[in-house]
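Number of protein chains: 2
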Amino acid sequence: MSKRNLETCFSPALFEAGAHRDSIVVIIDILRASSAICTAFANGAASIIPVAEVSLAMDYKSRGYLVAAERDGFVLDFADFGNSPFNFTKEKVEGKTIVYSTTNGTGIINLTLSSYMTVIGSFLNIGAITRWLIKQDRDILLLCAGWKNRFNIEDTVCSGAISEILMNSNNFTTICDSTFAAIDLWSLACHDLSGYIEKAAQRTRLRDKNLDDCIKFCLTPDFTDKIPIMKNGVLVDNIQ
Amino acid sequence: MSKRNLETCFSPALFEAGAHRDSIVVIIDILRASSAICTAFANGAASIIPVAEVSLAMDYKSRGYLVAAERDGFVLDFADFGNSPFNFTKEKVEGKTIVYSTTNGTGIINLTLSSYMTVIGSFLNIGAITRWLIKQDRDILLLCAGWKNRFNIEDTVCSGAISEILMNSNNFTTICDSTFAAIDLWSLACHDLSGYIEKAAQRTRLRDKNLDDCIKFCLTPDFTDKIPIMKNGVLVDNIQ
Chain B
44 MSKRNLETCF SPALFEAGAH RDSIVVIIDI LRASSAICTA FANGAASIIP
94 VAEVSLAMDY KSRGYLVAAE RDGFVLDFAD FGNSPFNFTK EKVEGKTIVY
144 STTNGTGIIN LTLSSYMTVI GSFLNIGAIT RWLIKQDRDI LLLCAGWKNR
194 FNIEDTVCSG AISEILMNSN NFTTICDSTF AAIDLWSLAC HDLSGYIEKA
244 AQRTRLRDKN LDDCIKFCLT PDFTDKIPIM KNGVLVDNIQ
Chain F
44 MSKRNLETCF SPALFEAGAH RDSIVVIIDI LRASSAICTA FANGAASIIP
94 VAEVSLAMDY KSRGYLVAAE RDGFVLDFAD FGNSPFNFTK EKVEGKTIVY
144 STTNGTGIIN LTLSSYMTVI GSFLNIGAIT RWLIKQDRDI LLLCAGWKNR
194 FNIEDTVCSG AISEILMNSN NFTTICDSTF AAIDLWSLAC HDLSGYIEKA
244 AQRTRLRDKN LDDCIKFCLT PDFTDKIPIM KNGVLVDNIQ
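Protein sequence lines, in the order shown, are assigned to chains B and F. If you count the first sequence from 1, you need to add 43 to reach the numbering used here. If you count the second sequence from 1, you need to add 43 to reach the numbering used here.
As C-alpha cells, then:
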C-alpha cells in the first residue's frame with residue numbers, strides 16, 4: 044500500500060463533504076457521545092441508531108425503542124437515559140438497539156454519510172481503532188465534534204493521540220496544519236491528560252451540571268476493542 | 044475596568060458575527076495580508092481599501108487607483124503589485140490610497156464589519172497592538188484568516204502570542220478552548236518560530252511558488268507601531 048493521506052477537521056462547520064468521499068471519517072466526541080457509543084458496544088449493544096432531531100427520537104420512543112437523548116448535558120424527559128457512558132450498562136443495553144440523540148455528536152454522524160465509511164473513535168478504543176485504520180487502504184479524516192461548531196480541546200487532543208499513532212506507523216502522510224497542531228497539543232497533554240483537560244470549556248460545563256463523574260473514564264485508553272461503524276444508517280460493531 | 048473577555052476563532056467559517064457586535068476584532072493573516080498591510084502603513088500609506096472581489100479591484104484600477112491584488116499567491120495581471128510586504132515600499136505607497144484584494148484576508152475584513160471595530164494584527168505590530176488593546180474597554184476576538192476557511196498554524200501561533208501578552212496583563216479572562224490551544228502552540232513555537240512554521244502548509248505553498256522570501260520578515264516582532272483600523276470601509280492608521 045502506498046502512503047495514505049491523514050487530515051483533521053476541528054469542527055463540523057469546517058467539514059468539506061466533497062473532499063472526503065473516498066475517505067474513512069473517524070468521529071471524535073469524547074465528552075461524551077463517542078465514549079458512550081464505544082461503551083455501549085463494549086457492553087453488548089446490538090446496534091445504535093443516531094438521530095439528530097429530538098422529534099425523531101421521540102417518535103422512536105413511542106414505537107418502543109430504548110432511547111438515549113440529551114441536549115446541553117441534560118436528559119430529555121421522554122428518554123430512558125442520557126449521554127453518560129455510565130448509563131450504557133450491560134444490564135440496560137446487551138442485545139438491544141438504542142436510539143441515540145445528543146447535542147453535537149449524533150448530528151455529525153449523519154453529516155458524514157457521503158464519505159466512504161464513518162467510524163467512532165475515542166480514547167476508550169484508541170488501540171483497536173488505530174490498528175484497524177492502519178490496515179485499511181484508505182485516506183483518513185479525523186473529525187472533531189467540537190461544541191456547537193466551535194473548536195474544543197478534548198476532541199483535539201484525542202485526534203492528536205490517534206494521529207501520532209497513525210503517523211508513527213509510517214503508513215500515512217499529511218500536509219494538514221490541523222493534524223500537526225493536534226499532535227503538538229497531544230504532546231503537551233499526554234503526560235497529565237486529566238490535568239490538561241481541566242482548562243477545557245466542556246470540562247467546566249460538565250462540572251457545573253454535576254455531570255463530570257465520567258471524565259476520568261472517558262480518558263482511559265483501551266477500555267474496549269470495539270470499533271463502532273455506520274452501516275445503512277445504523278452503528279454496529281465492526282467485528283460482527 | 045473589569046476584566047474583558049478574550050476569544051479566538053480559527054477560521055472565518057467559524058466566525059459568529061452576532062456574538063461579537065460589541066467586540067474589537069483583530070484579523071490575523073500573517074502570510075501575507077496582515078503583514079503587508081502593517082508594512083504599508085509603516086511606509087506611509089494614507090489608506091487601504093480592502094475589496095473581496097477581483098472585479099471590484101479591476102474597477103478601481105480603471106479609475107486610476109494603485110491596486111495590490113493576488114489569488115493563490117500570484118499577482119493578478121491588471122494589478123500594480125501583489126501580496127508580498129516587500130512590494131509595499133515607501134517609494135510606492137507613501138501618501139497613497141491602495142486598493143487591496145487577496146485570497147483570504149481582505150474578504151474577511153468585510154465579514155467583520157458588524158463588530159464594534161476591526162483592526163489588523165501581525166507579529167510586525169504585536170507590541171503596539173497589544174498595548175493598544177489593553178487600553179480599550181472592550182471584549183476582543185482574535186480572528187485567524189486561515190487558508191480557504193481551513194485552520195492554519197501560522198495565524199494560530201500569532202494569535203497565541205497576542206493572547207499570551209493580553210492574558211499576562213491581567214486585564215482579560217477567557218474560557219475559550221481556541222485561545223488556550225493557541226497559547227500552548229505558541230509556547231512550543233516561540234523558541235524557534237521560523238523552524239516551527241516550517242511545517243505550515245502555507246510555508247510549503249509559498250516556497251513552491253518562490254514567494255517565501257518574506258517569511259522571515261513576517262515573523263519579526265515590532266517592526267512598526269502602526270495599528271491599521273477600519274473606518275467607514277477603509278483601513279487607516281489608528282494614530283491619525
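A virtual CB, placed ideally from N, CA and C, is assigned to each residue, including glycine. Bear in mind the structure is a predicted one, so any value in this text is a computation, not a measurement.
Task: Endpoints, the beta strand (DSSP E) within which L109 of chain F is located - done: Residue numbering aside, residue 109 of chain F sits at position 66 when the second sequence is read from its first letter. Element bounds for L109 of chain F: L109 to R114.
- [ ] Report the neighbours of N195 of chain F on chain B: residues whose CB is nearer than 8 Å to its CB, in chain order.
- [x] Working through the second sequence from its first residue, we reach residue 195 of chain F at position 152. Ordered by position in chain B, the residues that pass the 8 Å Cβ test against N195 of chain F are D220.
- [ ] State the Cα-Cα distance for the pair R114 of chain F and L99 of chain F, rounded to the nearest angstrom.
- [x] As a working note, residue 114 of chain F is residue 71 in the second sequence. As a working note, residue 99 of chain F is residue 56 in the second sequence. Between the C-alpha atoms of R114 of chain F and L99 of chain F there is a straight-line separation of about 14 Å.
Open item on the list: I'd like the span of the beta strand (DSSP E) that includes L186 of chain B, first residue to last.
Closed with: Taking the first sequence and counting its residues from 1, the one referred to as residue 186 of chain B is at position 143. Where L186 of chain B is concerned, the enclosing beta strand (DSSP E) stretches over I183 to C187.
Open item on the list: For Y143 of chain F, report the span of its beta strand (DSSP E) as first-last.
Closed with: Numbered from its first residue, the second sequence carries residue 143 of chain F at position 100. Note, Y143 of chain F: beta strand (DSSP E), T140 to S144.
Task: When F:I183, F:S77 and F:E137 are compared against I270 of chain F, the one with the closest alpha-carbon - done: The sequence position of residue 270 of chain F within the second sequence is 227, counting from 1. Closest option to I270 of chain F, judged by alpha-carbon separation, among F:I183, F:S77 and F:E137: F:S77.
TODO: Name the residue from F:I70, F:A85 and F:V142 whose alpha carbon lies nearest to the alpha carbon of S105 of chain F.
DONE: In the second sequence, residue 105 of chain F corresponds to position 62, counting from 1. Checked all of F:I70, F:A85 and F:V142; the closest Cα to S105 of chain F is F:V142.
Task: Cβ shell of Q283 of chain B (< 7 Å), same chain only, five flanking positions each side left out - done: Residue 283 of chain B sits at position 240 when you count from the first residue of the first sequence. Caution is warranted here: a pLDDT of 48 is assigned to Q283 of chain B, below 50, making its placement in the model unreliable, and no coordinate value can be reported.
- [ ] Classify S316 of chain F as helix, strand or coil using the three-state DSSP reduction.
- [x] This structure cannot settle anything about residue 316 of chain F, because the visible part of chain F is limited to 44 through 283.
Task: Alpha-carbon spacing of P55 of chain F relative to A112 of chain B, whole angstroms - done: Within the second sequence, the letter at position 12 stands for residue 55 of chain F. Within the first sequence, the letter at position 69 stands for residue 112 of chain B. Between P55 of chain F and A112 of chain B, the C-alpha separation is close to 31 Å.
- [ ] Assign L209 of chain F to one of two classes, buried (16 or more other C-beta atoms within 10 Å of its C-beta) or exposed (fewer than that).
- [x] Locating residue 209 of chain F in the second sequence gives position 166, counting from the first residue. A residue is called buried once 16 or more other Cβ atoms fall within 10 Å of its Cβ, and L209 of chain F is buried on that count.
Open item on the list: Using the three-state DSSP reduction, which class does F266 of chain F fall into: helix, strand or coil?
Closed with: Residue 266 of chain F sits at position 223 when you count from the first residue of the second sequence. Reduced to three states, the DSSP call for F266 of chain F is coil.
- [ ] Taking S165 of chain F as the reference, give the member of F:S157, F:G138, F:T140 and F:S202 with the closest Cα.
- [x] As a first step, residue 165 of chain F is located in the second sequence; it is residue number 122 there, counting from the start. Nearest of F:S157, F:G138, F:T140 and F:S202 to S165 of chain F, Cα basis: F:S202.
TODO: For the alpha helix (DSSP H) containing E134 of chain F, list its first residue and its last residue.
DONE: Sequence index remark: in the second sequence, residue 134 of chain F carries index 91 (1-based). Boundaries of the alpha helix (DSSP H) around E134 of chain F: K133 to V136.
Open item on the list: Against chain F, does Q283 of chain B count as a neighbour if the rule is that its beta carbon must be under 7 Å from one of theirs?
Closed with: Within the first sequence, residue 283 of chain B is the residue found at index 240, counting from 1. Residue confidence for Q283 of chain B is low, a pLDDT of 48 falling below 50, so the modelled location carries little weight; the figure read from the coordinates is stated next. Not a single C-beta of chain F is nearer than 7 Å to the C-beta of Q283 of chain B.
TODO: Using a Cβ cut-off of 9 Å, pull out every chain F residue sitting near L185 of chain B, in sequence order please.
DONE: Mapped onto the first sequence, residue 185 of chain B falls at position 142. Within chain F, no residue comes near L185 of chain B; the closest Cβ sits about 13 Å away, beyond 9 Å.
- [ ] Report yes if the CB atom of D182 of chain F is closer than 7 Å to the CB atom of N281 of chain F, and no otherwise.
- [x] The residue you call residue 182 of chain F lines up with position 139 of the second sequence. The residue you call residue 281 of chain F lines up with position 238 of the second sequence. In this structure, N281 of chain F does not lie closer than 7 Å to D182 of chain F by Cβ.
- [ ] Name the residue from B:Y108, B:V97, B:M160 and B:V69 whose alpha carbon lies nearest to the alpha carbon of A88 of chain B.
- [x] Residue mapping note: residue 88 of chain B aligns to position 45 of the first sequence, counting from 1. Closest option to A88 of chain B, Cα to Cα, is B:Y108.
Task: DSSP-derived helix/strand/coil call for G164 of chain B - done: The sequence position of residue 164 of chain B within the first sequence is 121, counting from 1. Correct three-state label for G164 of chain B: strand.
Open item on the list: Residues in the same chain with beta-carbon distance under 6 Å from F129 of chain B, minus the five sequence neighbours each way, listed in chain order, please.
Closed with: Reading the first sequence from its first residue, position 86 is the one you call residue 129 of chain B. Cβ-Cβ distances below 6 Å link F129 of chain B to C257 in the same chain, with the five nearest sequence neighbours on each side left out; the list follows chain order.
Task: Contact between the segment 148-161 of chain B and the segment 235-254 of chain B (3+ Cβ pairs under 8 Å) - done: Taking a contact to require three or more Cβ pairs closer than 8 Å, the segment 148-161 of chain B and the segment 235-254 of chain B do not qualify as touching.
Task: Boundaries of the beta strand (DSSP E) in which D280 of chain F is found, first to last residue - done: By one-based count along the second sequence, residue 280 of chain F stands at place 237. Here the beta strand (DSSP E) through D280 of chain F covers V277 to D280.
Task: Straight-line gap, I218 of chain B to Y159 of chain B (C-alpha atoms, nearest Å) - done: Along the first sequence, read from residue 1 onward, the residue named residue 218 of chain B stands at position 175. Along the first sequence, read from residue 1 onward, the residue named residue 159 of chain B stands at position 116. Between the alpha carbons of I218 of chain B and Y159 of chain B lies a gap of roughly 21 Å.
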